[in-house]
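*Asks:*
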């Protein structure tokens, strides 16, 4: 039982560290910490919008457009249930719009 508790504590610390790295604008490190956790901590039946949003922010910050778009697709399938989730989705939507505008400008 203590091994299980230790593993959960380690996992929680990794998530918190990933969130902190996003706030510190250390996006590559945040992506490295958070991205592997998405399959484990997010599913259609138990969505984790916060983890998805922070992962998406880390991905776009690290200029990993392909993974950002994949994560953005997953986010758009979710229904936010709290004001924090709504704000996170709004932020990721803004990043997506900025990305699209940048790509359109590059084509001109």
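In our numbering, the protein residues as written are 13 to 120. The beta-carbon is built from N, C-alpha and C at its ideal position, and this holds for glycine as well.
Where do the N-terminal and C-terminal ends of the alpha helix (DSSP H) with residue 51 fall, by residue?
*Replies:* Here residue 51 refers to the residue found at position 39 when the chain shown is read from its first residue. 50-53 is the extent of the alpha helix (DSSP H) around residue 51.
*Asks:* In this structure, does DSSP put residue 74 in helix, strand or coil?
*Replies:* As a first step, residue 74 must be located in the chain shown, where it is residue number 62. Here residue 74 sits in coil by DSSP.
*Asks:* What's the C-alpha gap between residue 50 and residue 61?
*Replies:* Residue mapping note: residue 50 aligns to position 38 of the chain shown, counting from 1. Residue mapping note: residue 61 aligns to position 49 of the chain shown, counting from 1. Their backbone Cα atoms lie some 10 Å apart in a straight line.
*Asks:* Could you have a look at residue 90 and say whether DSSP puts it in helix, strand or coil?
*Replies:* Residue 90 sits at position 78 when you count from the first residue of the chain shown. Note: residue 90 maps to coil in three-state DSSP.
*Asks:* By how many angstroms is the C-alpha of residue 119 removed from the C-alpha of residue 113?
*Replies:* Your numbering for residue 113 matches position 101 in the chain shown. Your numbering for residue 119 matches position 107 in the chain shown. Going from the Cα of residue 113 to the Cα of residue 119 covers about 10 Å.
*Asks:* With 16 as the cutoff for other CB atoms within 10 Å, does residue 48 come out buried or exposed?
*Replies:* In the chain shown, counting from the first residue as 1, residue 48 sits at position 36. Residue environment analysis places residue 48 among the exposed positions, since fewer than 16 neighbouring C-beta atoms fall within 10 angstroms of its C-beta.
*Asks:* Does residue 83 pass the burial test, meaning 16 or more other C-beta atoms within 10 Å, or should it be called exposed?
*Replies:* Position 71 of the chain shown holds residue 83. Buried is the call here.
*Asks:* Do we get a CB-CB distance below 8 Å when we pair residue 117 with the residues of chain C?
*Replies:* Absent from the structure is chain C; it holds one protein chain and no more.
*Asks:* In the structure shown, what three-state DSSP assignment does residue 116 receive?
*Replies:* The count along the chain shown starts at 1 and reaches residue 116 at position 104. Residue 116 carries a helical assignment under DSSP once its states are collapsed to helix, strand and coil.
*Asks:* Residues in its own chain within less than 6 Å of residue 30 by CB, not counting five upstream and five downstream?
*Replies:* One-based indexing of the chain shown puts residue 30 at position 18. Within the same chain, residue 30 has close Cβ partners 42, 45, 46.
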